[in-house]
Structures are given as C-alpha cells and as structure tokens.
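In mature numbering (1 follows the signal peptide of the UniProt record, and there is no 0), the protein residues as written are -18 to -1, 1 to 91.
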C-alpha cells in the first residue's frame, strides 16, 4: 500500500494533458535548538508551470506525502538532524535523499 500511495496521489491531480514530474531543491535552516531544523522543499526552477513533485520526510517517523507545484514550497518545522526526505520518480520508485544543511548537534561550531 505504501508504494501505491504516491501513484494514487499523482492520479488524483487534475489531468490537463500530461503533467510533468519535477525534481526538487531542499534546504534546512537551524532553529534555536541545536540539531533541530526547519526544512523547506520546493520544485526546481526548470519545472514547468503544470509540473509537480511528490515528497515527504522520513526517518524515525514518516510524514504524509505532499504534492508540490512551482511557487508552492512546503516547510516542515522542528525536524531532527538525522531525518531524510523521500521523492517519487516518474517510474513510481521512491528515492531517499539527504537534506543539505542538517548537522548533528555536536557538529555545531
């Protein structure tokens, strides 16, 4: 069921022709608490207006899938340094990625 969920989300999007599945940029900004971050994921600038991306955070616990479109980034607050993101490719395969900027609390300057 978990593998089918991203495909179901993609099918639920309004279909005005062939939609383009886009790559994503990701970033993290530190909070006051060492090792805790606010993570923002957005589509890449090359993503066409009708493009989208299906992403979520995972590690320890999994957040629900989010459908992103150009100009509509998503921010998760209070994310621990060891978490990763997941992205759905056109093939339906789920890829796990690291989020640049996340550092362990003992790695702070």
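Where is the CB? At the ideal position from N, CA and C, for every residue including glycine.
Return the residue from the list 16, 52, 84 and 14 that minimises the CA-CA distance to residue 66.
-> The residue from 16, 52, 84 and 14 with its alpha-carbon nearest to that of residue 66 is 84.
Which residue spans inside the segment 4 to 57 form an unbroken beta strand (DSSP E) run of at least 3?
-> Entirely contained in the segment 4 to 57, the beta strand (DSSP E) runs reaching 3 residues are, in chain order, 6 to 12, 18 to 25, 35 to 41 and 48 to 50.
Select from 35, 20 and 21 the residue whose C-alpha is nearest the C-alpha of residue 27.
-> Considering only alpha carbons, the answer is 35.
Burial state of residue 88 (16 or more Cβ within 10 Å) | exposed
DSSP-derived helix/strand/coil call for residue 69 | strand
Mind checking which residues open and close the beta strand (DSSP E) that includes residue 78?
-> 76 to 79
One or two residues paired with residue 62 in a DSSP bridge | 18
Reduced DSSP category for residue 87 - H, G, I as helix; E, B as strand; rest coil = helix
Buried or exposed (CB count within 10 angstroms, at least 16 for buried), residue 14 = exposed
Does the distance from the CB of residue 44 to the CB of residue 37 come in under 8 Å?
-> no
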